[in-house]
Amino acid sequence: MPKVKKAIIPAAGLGTRFLPATKTVPKEMLTIVDAPIILYVVEEAVKAGIEDIVLIAGRGKHAIEDFFDTSYELEDKLAKDGKAKLLDRVSKIRDQANIISIRQKQAMGLGHAILCGLPIIGKEPFAVLLGDEITMEANGESNVTAQLVKSFEETSVSTISVMKVEDKDVSKYGIAEVEQTSPGFFKVTSLIEKPKPSETLSRWALPGRYVFDNTIMDILQKAKPTLNGEIQLTDSMKLLCQTQGLNAMTFTADRYDAGDKLGYLQANIELGLKNPELRDDLKNYLLGLVTRI
Ligand code: G1P
Numbered sequence: 008m009p010k011v012k013k014a015i016i017p018a019a020g021l022g023t024r025f026l027p028a029t030k031t032v033p034k035e036m037l038t039i040v041d042a043p044i045i046l047y048v049v050e051e052a053v054k055a056g057i058e059d060i061v062l063i064a065g066r067g068k069h070a071i072e073d074f075f076d077t078s079y080e081l082e083d084k085l086a087k088d089g090k091a092k093l094l095d096r097v098s099k100i101r102d103q104a105n106i107i108s109i110r111q112k113q114a115m116g117l118g119h120a121i122l123c124g125l126p127i128i129g130k131e132p133f134a135v136l137l138g139d140e141i142t143m144e145a146n147g148e149s150n151v152t153a154q155l156v157k158s159f160e161e162t163s164v165s166t167i168s169v170m171k172v173e174d175k176d177v178s179k180y181g182i183a184e185v186e187q188t189s190p191g192f193f194k195v196t197s198l199i200e201k202p203k204p205s206e207t208l209s210r211w212a213l214p215g216r217y218v219f220d221n222t223i224m225d226i227l228q229k230a231k232p233t234l235n236g237e238i239q240l241t242d243s244m245k246l247l248c249q250t251q252g253l254n255a256m257t258f259t260a261d262r263y264d265a266g267d268k269l270g271y272l273q274a275n276i277e278l279g280l281k282n283p284e285l286r287d288d289l290k291n292y293l294l295g296l297v298t299r300i
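This note's numbering puts the sequence shown at residues 8 to 300.
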């Protein structure tokens, strides 16, 4: 049975739901409660059993790779700022996984970013985690990447996660057209990147978690730019579903779209409520606030 031990985390583009980020502060480095978004994403991959994590960083994204470096300056600063807990989290991750950084020299889309990871992925299967979304174990389920890895290791078929969205959100996502095979599991029959709601009957959107067998790399190598002049992962997945096959699964684990303004606020509130140091004060604040709005 194939084992998934590698993952690619492409740096987020501006996307359609972007939070403003500056040249020096990529949105993956924005803080949710007490750690940058990217740390949660890397922790998700490690919990899914991933050992080699390839960060694909483009222009203005140095801060992401620097964050995982053993750096005297960073560690000294974190220690002086009383952020020993964050330092512990980063050190733990460094012990558990190899974090490798590859530079995407041209911003040519998500498909191109993934292809940049080929020298490390080689011929192996791999997970993809978009760097501005976070998923976490909840409702008795492990995080979404762990679920996809498990499904792939059982079936050997590339598997992506899907979630139901409302009509107004269809054009913000890649949308999968699917046939249900069992409760929560689907066979993907087609895909379309950011369609108008009238262009597809499906409301199954792609929240940015995927596990692929290596065929997708062959397809991406031949792919041509389409929407916005970019090599779209969605186009290559469409070819994959027509050839090797592509499965989809839905989830009830928690997911935060930390790259979206509302999603970012929700992530801070919900993860704040899960934080033992903040939980009681934040809960009291929210309960008081509710009576005033
Ligand atoms: C990308 C993908 C899209 C996916 C989305 C999830 O779009 O192209 O298929 O649904 O991420 O976040 P972006 O948000 O980068 O425009």
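Beta carbons are placed, not taken as given, at the ideal position from N, Cα and C, and that holds for glycine.
Bear in mind that the values here come from a model prediction, so they are computed numbers and not experimental data.
Reduced DSSP secondary structure (H/G/I, E/B, other) of residue i
| i | result |
| --- | --- |
| Glu-148 | strand |
| Thr-166 | strand |
| Ala-274 | helix |
| Ser-189 | strand |
| Ile-300 | coil |
| Leu-21 | Low local confidence applies: a pLDDT of 49 at Leu-21 is under 50, so the model's placement there is unreliable, and no value is given. |
| Ile-128 | helix |
| Ile-238 | coil |
| Arg-210 | coil |
| Asp-267 | coil |
| Phe-2 | Past the edges of the chain, shown from 8 to 300, lies residue 2, and the structure says nothing about it. |
| Ile-57 | coil |
| Glu-258 | Note on identity: in this sequence residue 258 is Phe, with Glu being the wrong assignment. DSSP places Phe-258 in coil when its eight states are reduced to three. |
| Glu-200 | strand |
| Thr-222 | helix |
| Val-195 | strand |
| Pro-283 | coil |
| Tyr-180 | coil |
| Leu-62 | strand |
| Met-8 | coil |
| Val-135 | strand |
| Met-143 | strand |
| Lys-68 | coil |
| Ala-14 | strand |
| Ile-175 | Note that residue 175 is Lys in the sequence shown here, rather than Ile. Helix. |
| Ala-230 | coil |
| Ala-114 | coil |
Residue i beta carbon near ligand 1 (any heavy atom closer than 8 Å)
| i | result |
| --- | --- |
| Ala-274 | no |
| Lys-175 | no |
| Pro-283 | no |
| Leu-212 | Looking at the sequence provided, one finds Ala at residue 212 rather than Leu. Yes, since a heavy atom of ligand 1 falls inside the 8 Å radius drawn around the Cβ of Ala-212. |
| Gly-215 | yes |
| Gly-147 | no |
| Lys-179 | yes |
| Glu-161 | no |
| Asp-264 | yes |
| Leu-339 | Outside the displayed span of the chain (8 to 300) sits residue 339, for which this structure offers no information. |
| Gln-249 | no |
| Leu-137 | yes |
| Gln-239 | yes |
| Glu-144 | no |
| Glu-5 | The displayed coordinates of the chain run from 8 to 300. Any statement about residue 5 would go beyond what the structure contains. |
| Glu-206 | no |
| Glu-140 | yes |
| Leu-246 | no |
| Lys-99 | no |
| Glu-200 | yes |
| Leu-94 | no |
| Leu-6 | Given a span of 8 to 300 for the chain in the structure shown, any question on residue 6 remains unanswerable. |
| Leu-269 | no |
| Leu-280 | no |
| Leu-117 | yes |
Nearest-angstrom beta carbon gap, residue j and residue i [assumed within contact, 8 Å]
| i | j | result |
| --- | --- | --- |
| Leu-194 | Glu-186 | Correcting the residue identity first, residue 194 is Lys in this sequence and not Leu. Correct: roughly 5 Å between the Cβ atoms. |
| Ala-153 | Lys-54 | 6 Å |
| Ser-108 | Leu-62 | 5 Å |
| Phe-192 | Met-256 | 5 Å |
| Glu-35 | Ala-104 | The pair is not a contact, with the Cβ atoms about 17 Å apart (cut-off 8 Å). |
| Leu-198 | Ala-212 | The Cβ separation is near 11 Å, so there is no contact. |
| Ala-18 | Ala-64 | 5 Å |
Can we say the stretch 151-171 touches the stretch 232-241, given the rule of at least three CB pairs closer than 8 Å? Segments in contact, no.
Should the stretch 260-280 be called in touch with the stretch 133-150, which here means at least 3 C-beta pairs below 8 Å? Yes, the stretch 260-280 is in contact with the stretch 133-150.
Using a Cβ distance threshold of 8 Å, determine whether the stretch 82-97 contacts the stretch 119-138, with at least three qualifying pairs required. No: the two stretches stay apart, fewer than three of their Cβ pairs being nearer than 8 Å.
Are the stretch 216-232 and the stretch 122-129 touching, with three or more C-beta to C-beta distances below 8 Å? Under the three-pair Cβ rule at 8 Å, the stretch 216-232 counts as touching the stretch 122-129.
Counting Cβ pairs, one atom from each stretch, are 3 or more of them under 8 Å apart for the stretch 209-229 and the stretch 240-247? By the Cβ rule, the stretch 209-229 counts as touching the stretch 240-247, because three or more pairs are nearer than 8 Å.
Evaluate the contact criterion for the stretch 202-218 versus the stretch 274-285: three or more CB pairs, one atom per stretch, below 8 Å. With a cut-off of 8 Å, the stretch 274-285 and the stretch 202-218 do not count as touching, because too few Cβ pairs lie within range.
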